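Here my numbering is used: the first residue of the sequence shown is 1392, the next is one more, and so on. Virtual Cβ for every residue (Gly too), placed ideally from N, Cα, C. These numbers were taken from a predicted model, which means no experiment stands behind them. What follows is one structure encoded as structure tokens, with my remarks underneath.
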Amino acid sequence: MNKRRLVTELPGPRSRALMERKTSAVADGVGTTMPVFAAKAGGGIVVDVDGNQLIDLGSGIAVTTVGASNPRVVRAVTEQVEAFTHTCFMVTPYDGYVRVAEKLNQLTPGDHDKRTALFNSGAEAVENAVKIARAYTRRDAVVVFDHAYHGRTNLTLAMTAKNKPYKHTFGPFAPEVYRAPGSYPYRDGNLDGAAAAARAVDQIEKQIGAENLAALVIEPIQGEGGFIEPAPGFLPALAAWCRASGVVFVADEVQTGFARTGDLFACEHENVVPDLIVTAKGIAGGLPLSAVTGRAEIMNAAHEGGLGGTYGGNPIACAAALAAIETIEEDGLGARATEIETLIKERLSRLAVQDLRLAGVRGRGAMIAVELVREGSTEPDPRLARDVARYAHRHGVIVLTCGTYGNVLRFLPPLTITDELLNDAFDVLADALNATAPKAAAQQADALKATALEATAPKATALEATAPEATR
Ligand SMILES: *Cc1c(COP(=O)(O)O)cnc(C)c1O
1392 MNKRRLVTEL PGPRSRALME RKTSAVADGV GTTMPVFAAK AGGGIVVDVD GNQLIDLGSG
1452 IAVTTVGASN PRVVRAVTEQ VEAFTHTCFM VTPYDGYVRV AEKLNQLTPG DHDKRTALFN
1512 SGAEAVENAV KIARAYTRRD AVVVFDHAYH GRTNLTLAMT AKNKPYKHTF GPFAPEVYRA
1572 PGSYPYRDGN LDGAAAAARA VDQIEKQIGA ENLAALVIEP IQGEGGFIEP APGFLPALAA
1632 WCRASGVVFV ADEVQTGFAR TGDLFACEHE NVVPDLIVTA KGIAGGLPLS AVTGRAEIMN
1692 AAHEGGLGGT YGGNPIACAA ALAAIETIEE DGLGARATEI ETLIKERLSR LAVQDLRLAG
1752 VRGRGAMIAV ELVREGSTEP DPRLARDVAR YAHRHGVIVL TCGTYGNVLR FLPPLTITDE
1812 LLNDAFDVLA DALNATAPKA AAQQADALKA TALEATAPKA TALEATAPEA TR
């Protein structure tokens, strides 16, 4: 299980049958990127129910950083399941929760006194960070940024920027959430970090007033919004302004955390110390767990009994988190993320030299993206991104798109993937770009005409024509 291998067309017969049952049983609102059902996963490969082996460049959206069946995680989870599955930390607590809190207090940026509270999902943790900041400051307003993604609950939808697919028809949303302009070097004329921060602060002061602002919530590298890496200096300037204004600076590291970007947390890249840091996704090797960690005086502002939830800090998820964190530390996965960055950026830069539809290669560690644009412009080309992703999907590479304009290809492999798999996946992407090049399309049309004359349609085009569209 260490190679891409296709034994049926994609999706195969078993996946197609399951997709029919999914359509009859699961709400249409729950889409899937690929019409392929998983049977087994690990080591950068997802094996589908038809026995096809796909290369995983998505990690289940940046979750399986240590791999989808990491041996340490499997062992820890198995032991915990045998001991007990749940007691509710708010009823009879257990040490796994405390140990995860101690670890997070120790590992997150800053050596000040910290406290942690555990939850289930990223969105739930973001909501709790806002609750805590409001309790501490006794202020209401929250500021977020253009292209932000913070989750799909009502408050976090108010904080998320993009209408479709996230917000459309689901409002009204929670009040007192304001949006400021961010830093998007590829699209804001390389405005420098200090200038972009000054622009945001000016808007915040004029439209909200610092004295009304409880928290500024920001992703150090924006995830769903397009892997947008702000200009250097942007985050430190905002953090400094928050400190001077009594505003709680909240880093949403749900996607960037746990060695994804090479550093354990993306804030560390510019020595930014957030007041509160929100983590989830990569924290627990695939089990649902999230956390808010931060300054003790802020975290303790919420009254006793004010924070919690039935499942928050579930013992199985805590056992998995301790094993995942140990793996990141012992196996040097931060350094591995940096190697992956070098490999992917090298492959993308080489492609971008020959193909002017690729632009804005960016990101850090194993969180890298490229924008697809109309040749010779910066105009987003979401259609091309979709076509390239679909080609990759049909050829056994799981790749995700993102971005406000839907034109960004993003690469988020597990840190346990091999160079061999990465190179194979980027060979497929190179083929995908060739296949979607305007010239290639014209040649293909000519070839089709020729073969139509001979009345023998080529196999490959028959497959392309019948492959159902990925539903996303
Ligand atoms: C995924 C994500 C969330 C939401 O996490 P869920 O576990 O899906 O609720 C919040 N913030 C960021 C930056 C994310 O990437």
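Residue i - partner residues in DSSP beta bridges
i            : result
residue 1481 : None, per the DSSP bridge assignment.
residue 1771 : 1764
residue 1571 : 1536
residue 1431 : 1438
residue 1799 : 1762, 1793
residue 1447 : 1789
residue 1609 : 1642
residue 1669 : 1643, 1683
residue 1375 : In the structure displayed, the chain extends from 1392 to 1863; residue 1375 sits before or after that span and is not available.
residue 1508 : 1683
residue 1604 : 1532
residue 1750 : 1762
residue 1396 : 1444
Cβ-heavy atom distance, residue i to ligand 1, below 7 angstroms
i            : result
residue 1557 : no
residue 1520 : no
residue 1541 : yes
residue 1512 : yes
residue 1533 : no
residue 1643 : yes
residue 1671 : yes
residue 1717 : no
residue 1614 : yes
residue 1610 : yes
residue 1517 : yes
residue 1646 : yes
Buried versus exposed, by CB contacts within 10 Å (16 or more), residue i
i            : result
residue 1503 : exposed
residue 1641 : buried
residue 1772 : buried
residue 1398 : exposed
residue 1415 : exposed
residue 1740 : exposed
residue 1393 : exposed
residue 1539 : buried
residue 1643 : buried
residue 1417 : exposed
residue 1419 : exposed
residue 1580 : exposed
residue 1694 : exposed
residue 1814 : exposed
residue 1646 : buried
residue 1474 : exposed
residue 1850 : Because residue 1850 carries a pLDDT of 40, less than 50, the predicted location of this residue cannot be relied on, and no value is offered for it.
residue 1767 : exposed
residue 1613 : buried
residue 1864 : Absent from the model: residue 1864. The displayed extent of the chain is 1392 to 1863, so no value can be given.
At least three beta-carbon pairs within less than 8 angstroms, the region 1683-1695 to the region 1466-1482: They do not touch, by the three-pair rule.
Three or more C-beta pairs below 8 angstroms linking the region 1445-1461 and the region 1802-1811: Yes, the region 1445-1461 touches the region 1802-1811.
Sufficient close CB pairs (3 or more, under 8 angstroms) joining the region 1532-1548 to the region 1688-1707: Contact between the region 1532-1548 and the region 1688-1707 is absent, with fewer than three C-beta pairs closer than 8 angstroms.
Cβ pair count under 8 angstroms reaching 3, the region 1743-1753 against the region 1714-1734: Not touching, per the Cβ criterion.
The region 1704-1712 / the region 1785-1797 touching (three or more Cβ pairs under 8 angstroms): No: the two stretches stay apart, fewer than three of their Cβ pairs being nearer than 8 angstroms.
The region 1555-1570 contacting the region 1812-1826, beta-carbon criterion three pairs below 8 angstroms: The region 1555-1570, when compared against the region 1812-1826, does not touch it at the 8 angstroms Cβ threshold.
At least 3 beta-carbon pairs within less than 8 angstroms: the region 1563-1578 vs the region 1588-1601: Yes, they touch.
Three CB pairs or more closer than 8 angstroms across the region 1670-1680 and the region 1450-1459: In short, these stretches touch, since the Cβ pair count reaches three.
Segment contact, 8 angstroms Cβ cut-off, at least three pairs: the region 1638-1652 with the region 1748-1757: The answer is yes - the region 1748-1757 touches the region 1638-1652, with three or more Cβ pairs under 8 angstroms.
The region 1574-1587 in contact with the region 1620-1631 per 3-pair CB rule at 8 angstroms: By the criterion of at least three beta-carbon pairs nearer than 8 angstroms, the region 1574-1587 is in contact with the region 1620-1631.
Given 8 angstroms, three or more beta-carbon pairs between the region 1542-1558 and the region 1716-1725: Here the region 1542-1558 does not lie against the region 1716-1725, with fewer than 3 beta-carbon pairs under 8 angstroms apart.
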